[in-house]
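Data first, discussion second: the structure below is written as structure tokens.
Residue numbers (my numbering): 1335 to 1523.
Below, the structure is given as structure tokens:
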């Protein structure tokens, strides 16, 4: 399957899923939880959802967060679809032959900055990913120290490095597979 075919399959599955979710949400039996995230850029929305997954791994939060492989949500009249942190790790394991080299961590007074280098051992390509996470996080009651700031920065930098390496065709095929499975593997907004 080529990139165009993969993109067409993803678009078709997204349209079918949108219709299915709309029908389900109109009935009393919701098959999946639909969350509304305040208006943000697509990157901010995926980053925030990935942060939930990182915290779920650290704190043992609900499995529905950890089962999400693909995010899909409307933004600016278009549907944005992409891999979650868990989806990225799952695809890397399935594809095989990828490695993350030792991260470079810088601690400032306000944040942790992490740069990771990921390597595709098959194609002999290495690319970097970076992330910065503030040491303090906003809550309903103000700001508190984020005990997981370093872990979040490290996971986000790894995600960014690995996503830079993944071939678009491989990602499109994986998203198509997840979309076809329906269930908890896809989170729609």
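Idealized CB from N, CA, C, for every residue including glycine.
The structure displayed is predicted, hence computed values, not measured ones.
A direct Cα-Cα distance of roughly 22 Å separates residue 1448 from residue 1427. Closest in C-alpha terms to residue 1402, from the list 1488, 1477, 1416, comes 1416. Closest option to residue 1444, judged by alpha-carbon separation, among 1507, 1487, 1452: 1487.
Taking C-beta separations shorter than 7 Å and ignoring five residues to either side along the sequence, the partners of residue 1456 in its chain run 1431, following chain order.
DSSP places residue 1466 inside the beta strand (DSSP E), whose first and last residues are 1459–1468. Here residue 1406 carries a strand assignment [DSSP, helix/strand/coil].
Ranking 1386, 1418, 1450, 1413 by CA distance to the CA of residue 1512 puts 1418 first. In the displayed model, residue 1421 falls within a helix according to three-state DSSP.
For residue 1514, the enclosing alpha helix (DSSP H) stretches over residues 1502–1515.
Counting along the chain, no beta strand (DSSP E) covers residue 1495; the unbroken alpha helix (DSSP H) around it starts and ends at 1483–1499. Counting the other CB atoms within 10 Å of its CB gives residue 1515 a total below 16, which places it among the exposed residues. Burial state of residue 1458 is exposed, judged by a 10 Å Cβ sphere holding fewer than 16 other Cβ atoms. The DSSP-derived three-state label of residue 1382 is helix.
Measuring C-alpha to C-alpha distances from residue 1423 to each of 1441, 1404, 1438 identifies 1404 as the nearest.
DSSP, reduced to helix, strand and coil, places residue 1428 within a helical segment of the structure shown.
Check the Cα spacing between residue 1503 and each of 1425, 1382, 1385, 1411: the tightest is with 1425. Taking 8 Å as the cut-off, the Cβ atoms of residue 1452 and residue 1484 do not count as close.
If you compare the alpha carbons of 1429, 1413, 1382 with that of residue 1454, the shortest gap goes to 1429.
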